[in-house]
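Q: Okay, so the sequence shown: first residue is 15 according to my numbering, each after it adds one.
All C-beta atoms in this analysis are idealised placements derived from N, C-alpha and C, irrespective of residue type, glycine included.
Quick caveat, the model's predicted, so the values are computed rather than measured.
The structure's right below; bear with me while I get my questions together.
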Amino acid sequence: MEPIRNLRRWLCHLVTLSPCHLVTFPCHLVIFLLIWAHPCQAYVEAPHTLGTVCTLSTNVMVLQVEKVDKEKNLIIYRKLRDLKGQHPTDVIKHNVGHNGFNPREWQYVIDWAEPGKKAIMFHNGGASETCIGTYWYQCYAGGEWWNMSHGEPYLLRTFAGNPDKLEAAVVEVLAGKEAIVPCMVDGNKEDMHLRRGRIWRMRASLKLAEYNTKRDFVGWGGEDFRRLQGMPGFTQYSAITRVDPEAQAIAVVDFNGDGKPDLCLIGGSRVALLQNAGTTFSEVSLPGASGSRAAVWADYNGDGKPDLLLATPDGPRLYTNLGGSFRDDSHLLPREPYYDLTAAAWMDFDGDGWPDLLLGNGYHGLRLYRNLFPVARLAANLNSDQAPVRDKAAQ
Numbered sequence: 015m016e017p018i019r020n021l022r023r024w025l026c027h028l029v030t031l032s033p034c035h036l037v038t039f040p041c042h043l044v045i046f047l048l049i050w051a052h053p054c055q056a057y058v059e060a061p062h063t064l065g066t067v068c069t070l071s072t073n074v075m076v077l078q079v080e081k082v083d084k085e086k087n088l089i090i091y092r093k094l095r096d097l098k099g100q101h102p103t104d105v106i107k108h109n110v111g112h113n114g115f116n117p118r119e120w121q122y123v124i125d126w127a128e129p130g131k132k133a134i135m136f137h138n139g140g141a142s143e144t145c146i147g148t149y150w151y152q153c154y155a156g157g158e159w160w161n162m163s164h165g166e167p168y169l170l171r172t173f174a175g176n177p178d179k180l181e182a183a184v185v186e187v188l189a190g191k192e193a194i195v196p197c198m199v200d201g202n203k204e205d206m207h208l209r210r211g212r213i214w215r216m217r218a219s220l221k222l223a224e225y226n227t228k229r230d231f232v233g234w235g236g237e238d239f240r241r242l243q244g245m246p247g248f249t250q251y252s253a254i255t256r257v258d259p260e261a262q263a264i265a266v267v268d269f270n271g272d273g274k275p276d277l278c279l280i281g282g283s284r285v286a287l288l289q290n291a292g293t294t295f296s297e298v299s300l301p302g303a304s305g306s307r308a309a310v311w312a313d314y315n316g317d318g319k320p321d322l323l324l325a326t327p328d329g330p331r332l333y334t335n336l337g338g339s340f341r342d343d344s345h346l347l348p349r350e351p352y353y354d355l356t357a358a359a360w361m362d363f364d365g366d367g368w369p370d371l372l373l374g375n376g377y378h379g380l381r382l383y384r385n386l387f388p389v390a391r392l393a394a395n396l397n398s399d400q401a402p403v404r405d406k407a408a409q
């Protein structure tokens with residue numbers, strides 16, 4: 015029964031990709047699969063730490079390539095030492111064949127395998143994961159030979175280095191210490207196959223069962239982010255008000271001066287201004303705002319508070335920050351027709367220390383407007399009637 019329990023435990027950390035996806039089968043067939051431990055082809059997609067992989071493994075071994083048959087795609091390893099547990103044999107044979115989800119998977123394994131090269135093999139009683147060179151692959155035991163199932167590029171999120179460094183890290187982790195290991199932190203499966211994602215140094219130990227780097231993520235539900243509800247180290251955080259499914263961009267600024275980043279979320283039919291209260295967000299009224307294609311912040315009037323400019327289908331809209339609430343001062347902007355905006359930016363093009371306005375769309379191209387507010391502010395000191403001054407500032 016122990017191999018069955020191990021298999022169940024291992025399957026909990028796999029995303030099944032082959033036709034043997036358990037949730038699509040009747041209950042009696044699920045039981046049949048578990049009893050006979052029929053291997054499913056699947057990629058490990060959960061972001062395991064090295065501590066998790068060491069904990070799930072009953073055996074961890076250091077191997078050395080003794081012989082490679084590149085015609086039959088066979089690799090014969092000799093065990094150098096056990097790092098965890100005691101594997102019963104000193105010779106481990108891997109039948110790589112032409113297995114995997116893509117031909118390059120077995121090709122990578124065979125290319126890395128050269129006599130004298132070292133590899134690290136993790137075995138959980140059912141499946142095994144082997145790191146050779148800077149590549150990982152999975153095998154299942156089949157008598158004398160272990161048969162390769164597929165490449166395991168997602169384990170580059172666990173460790174993205176050579177077996178010598180991996181051995182040293184495993185020794186540290188199994189001794190109850192903390193190791194710093196290289197991990198590929200971004201990229202999809204294709205990027206990881208080609209090993210072109212970014213590498214970060216991450217902490218690994220038996221105590222760090224899963225990744226929790228205390229960073230906040232905002233995603234749209236695509237391939238870049240996956241919901242990890244219920245995994246140790248991850249908590250679902252639903253403090254942000256839903257805007258709508260077409261939210262397209264986020265502009266972040268501390269608009270009320272409390273030291274916490276606030277959000278402006280924009281979409282084709284709505285703009286939501288969210289004030290950060292520390293653990294929750296509350297929506298702040300933005301008069302007259304509907305949809306927008308860009309949102310940019312700058313202190314255009316020199317009062318020390320960031321003001322908001324929106325690029326909307328009806329033209330630019332300017333919201334002056336009153337210290338936590340906003341006033342629509344779009345009438346200060348140029349009055350010439352400039353509709354269907356696709357972009358907006360603040361920039362000090364003349365170097366006078368005041369942000370100038372850059373607008374763009376597909377009809378008129380780019381238009382640059384100089385900020386005359388310094389002139390208007392000087393005039394305001396001499397003229398108590400402010401309305402004409404604002405008009406002057408919008409010229």
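State the Cα-Cα distance for the pair isoleucine 146 and lysine 132, rounded to the nearest angstrom.
A: The residue given as residue 146 occupies position 132 in the sequence shown. The residue given as residue 132 occupies position 118 in the sequence shown. So the alpha carbons of these two residues sit roughly 7 Å apart.
Q: Tell me, please, whether the stretch 325-338 touches the stretch 261-270 by the rule of three or more beta-carbon pairs shorter than 8 Å.
A: Because the criterion of three Cβ pairs below 8 Å is met, the stretch 325-338 and the stretch 261-270 touch.
Q: Between the beta-carbon of lysine 98 and the beta-carbon of isoleucine 106, is there less than 8 Å?
A: Taking the first residue of the sequence shown as 1, we reach residue 98 at position 84. Taking the first residue of the sequence shown as 1, we reach residue 106 at position 92. Cβ distance not < 8 Å, so lysine 98 and isoleucine 106 don't count as in contact.
Q: Please classify tyrosine 168 as buried or exposed, where buried requires at least 16 neighbouring CB atoms within 10 angstroms.
A: By one-based count along the sequence shown, residue 168 stands at place 154. By the neighbour-count rule (16 or more Cβ atoms within 10 Å), tyrosine 168 is buried.
Q: Please report the straight-line C-alpha distance between alanine 261 and isoleucine 280, rounded to a whole angstrom.
A: Within the sequence shown, residue 261 is the residue found at index 247, counting from 1. Within the sequence shown, residue 280 is the residue found at index 266, counting from 1. Taking the straight line joining both Cα atoms gives about 6 Å.
Q: With 16 other CB atoms within 10 Å as the buried threshold, where does lysine 319 fall?
A: Residue 319 sits at position 305 when you count from the first residue of the sequence shown. The residue is buried, with at least 16 neighbouring Cβ atoms inside 10 Å.
Q: Do you know offhand how far asparagine 295's Cα is from leucine 288's?
A: Counting from one through the sequence shown, the residue named residue 295 turns up at place 281. Counting from one through the sequence shown, the residue named residue 288 turns up at place 274. Note that residue 295 is phenylalanine in the sequence shown here, rather than asparagine. Each residue's Cα considered, the two are about 6 Å apart.
Q: If you drop the 5 nearest sequence neighbours on each side, which residues of the same chain put their C-beta closer than 8 Å to that of valine 185?
A: In the sequence shown, the residue the question calls residue 185 occupies position 171. Cβ neighbours of valine 185 beyond the five flanking positions: Leu97.
Q: What does glycine 281 pair with, by DSSP beta-bridge criteria?
A: Here residue 281 is taken as the residue at index 267 of the sequence shown, counted from 1. Paired residue(s): none; glycine 281 is not in a bridge.
Q: Taking the C-alpha atoms as reference points, what is the distance between tyrosine 383 and serine 344?
A: By 1-based counting over the sequence shown, the position of residue 383 is 369. By 1-based counting over the sequence shown, the position of residue 344 is 330. For tyrosine 383 and serine 344, the distance between alpha carbons rounds to 14 Å.
Q: If you run the structure through DSSP and keep just helix, strand and coil, what is leucine 322?
A: Along the sequence shown, read from residue 1 onward, the residue named residue 322 stands at position 308. It is a strand residue.
Q: Count the other C-beta atoms from every protein chain shown that fall within 10 angstroms of the C-beta of asparagine 116, then say buried if there are 16 or more, exposed otherwise.
A: The residue labelled residue 116 in the question sits at position 102 within the sequence shown. By the 10 Å Cβ count, asparagine 116 comes out exposed.
Q: Among residues of its own chain, excluding the 5 on either side of leucine 47, which ones have a beta-carbon nearer than 6 Å to its beta-carbon?
A: Locating residue 47 in the sequence shown gives position 33, counting from the first residue. Bear in mind that a pLDDT of 34 at leucine 47, under 50, signals an unreliable position, so the model cannot answer this.
Q: In or out: alanine 183 buried (at least 16 other Cβ within 10 Å) or exposed?
A: Along the sequence shown, read from residue 1 onward, the residue named residue 183 stands at position 169. Burial call: buried.
Q: According to DSSP, what are the bridge partners of aspartate 79?
A: For the purposes of this step, residue 79 is taken as residue 65 along the sequence shown, with counting starting at 1. Just to set this straight, residue 79 is valine in the shown sequence, not aspartate. According to DSSP, which records beta bridges pairwise, valine 79 is partnered with Tyr91.
Q: Skipping 5 residues on each side, what residues in its chain have a beta carbon closer than 8 Å to that of lysine 274?
A: Residue numbering aside, residue 274 sits at position 260 when the sequence shown is read from its first letter. Excluding sequence neighbours, lysine 274 sits near Asp268, Asn290, Ala291, Gly292.
Q: Please classify methionine 216 as buried or exposed, where buried requires at least 16 other C-beta atoms within 10 Å of its C-beta.
A: As a first step, residue 216 is located in the sequence shown; it is residue number 202 there, counting from the start. By the 10 Å Cβ count, methionine 216 comes out buried.
Q: Hey, would you say leucine 346 sits closer than 8 Å to proline 330, going by beta carbons?
A: Position 332 of the sequence shown holds residue 346. Position 316 of the sequence shown holds residue 330. Not in contact: leucine 346 and proline 330 (Cβ atoms no closer than 8 Å).
Q: With respect to the alpha helix (DSSP H) encompassing aspartate 178, which residues constitute its N-terminal and C-terminal limits?
A: What you label residue 178 is simply residue 164 of the sequence shown in a count that begins at 1. From DSSP, the alpha helix (DSSP H) with aspartate 178 extends over 177-188.
Q: Using a 10 Å radius around the Cβ and a threshold of 16 neighbouring Cβ atoms, would you call methionine 135 buried or exposed?
A: As a first step, residue 135 must be located in the sequence shown, where it is residue number 121. The residue is buried, with at least 16 neighbouring Cβ atoms inside 10 Å.
Q: Can you say whether serine 142 is buried or exposed, counting buried as having 16 or more other CB atoms within 10 angstroms of its CB?
A: As a first step, residue 142 must be located in the sequence shown, where it is residue number 128. The residue in question, serine 142, is buried, as its Cβ has 16 or more Cβ neighbours within 10 Å.
Q: Alpha carbons only, please: which of Pro102, Thr103, Ala359 is nearest the one belonging to tryptophan 311?
A: Your numbering for residue 311 matches position 297 in the sequence shown. Looking at the Cα atoms, Ala359 is the closest of the given residues.
Q: At 4 residues or longer, and completely inside the stretch 105-135: list those alpha helix (DSSP H) runs for me, N to C.
A: Counting only runs of 4 or more, we get 117-126.
Q: When DSSP labels each residue in this structure, what does tyrosine 168 get in the three-state scheme?
A: Here residue 168 refers to the residue found at position 154 of the sequence shown. Tyrosine 168: helix per DSSP, three-state reduction.
Q: Based on the DSSP secondary-structure assignment, which residues constitute the bridge partners of alanine 309?
A: What you label residue 309 is simply residue 295 of the sequence shown in a count that begins at 1. According to DSSP, alanine 309 bridges with Leu324.
Q: By a C-beta neighbour count over all protein chains shown, 10 Å radius and 16 as the cutoff for buried, is phenylalanine 363 buried or exposed?
A: Here residue 363 refers to the residue found at position 349 of the sequence shown. Exposed, since its Cβ has fewer than 16 Cβ neighbours within 10 Å.
Q: Here's the rule I'm using: 16 or more other beta-carbon atoms within 10 Å means buried, otherwise exposed. How should threonine 103 be labelled?
A: As a working note, residue 103 is residue 89 in the sequence shown. Per the 10 Å Cβ criterion, exposed.
Q: Mind checking proline 301: buried by the 16 CB within 10 Å criterion, or exposed?
A: As a first step, residue 301 must be located in the sequence shown, where it is residue number 287. Exposed, because fewer than 16 other Cβ atoms sit within 10 Å of the Cβ of proline 301.
Q: Would you kindly work out how many angstroms separate the C-alpha atoms of proline 196 and arginine 95, rounded to a whole number?
A: If you number the sequence shown from 1, residue 196 lands on position 182. If you number the sequence shown from 1, residue 95 lands on position 81. For proline 196 and arginine 95, the distance between alpha carbons rounds to 23 Å.
Q: By the 10 Å Cβ neighbour count, where 16 or more other Cβ atoms means buried, how is valine 82 classified, buried or exposed?
A: Locating residue 82 in the sequence shown gives position 68, counting from the first residue. The residue in question, valine 82, is buried, as its Cβ has 16 or more Cβ neighbours within 10 Å.
Q: How far does the alpha helix (DSSP H) with threonine 65 in it reach, from first residue to last?
A: In the sequence shown, residue 65 corresponds to position 51, counting from 1. Position check: residue 65 holds glycine in this sequence, whereas threonine was assumed. Looking at the DSSP string, the run of the alpha helix (DSSP H) that includes glycine 65 is 64-70.
Q: Enumerate in chain order the residues of its own chain whose CB-to-CB distance from valine 199 is below 6 Å, with the five nearest sequence positions on each side excluded.
A: The residue labelled residue 199 in the question sits at position 185 within the sequence shown. Closer than 6 Å at the Cβ level, and outside the excluded window around valine 199, lie Arg212, Trp214.
Q: Going by the CB atoms, is the gap between glutamate 128 and tryptophan 422 shorter than 8 Å?
A: This structure cannot speak to residue 422, because the chain is shown only from 15 to 409.
Q: Rounded to whole angstroms, what is the Cα-Cα separation between leucine 122 and asparagine 109?
A: Numbered from 1 along the sequence shown, position 108 holds the residue referred to as residue 122. Numbered from 1 along the sequence shown, position 95 holds the residue referred to as residue 109. Just to set this straight, residue 122 is tyrosine in the shown sequence, not leucine. Their backbone Cα atoms lie some 14 Å apart in a straight line.
Q: How would you label tyrosine 91, buried or exposed, when you count the other beta carbons within 10 angstroms and need 16 or more for buried?
A: Along the sequence shown, read from residue 1 onward, the residue named residue 91 stands at position 77. Label assigned to tyrosine 91: buried.
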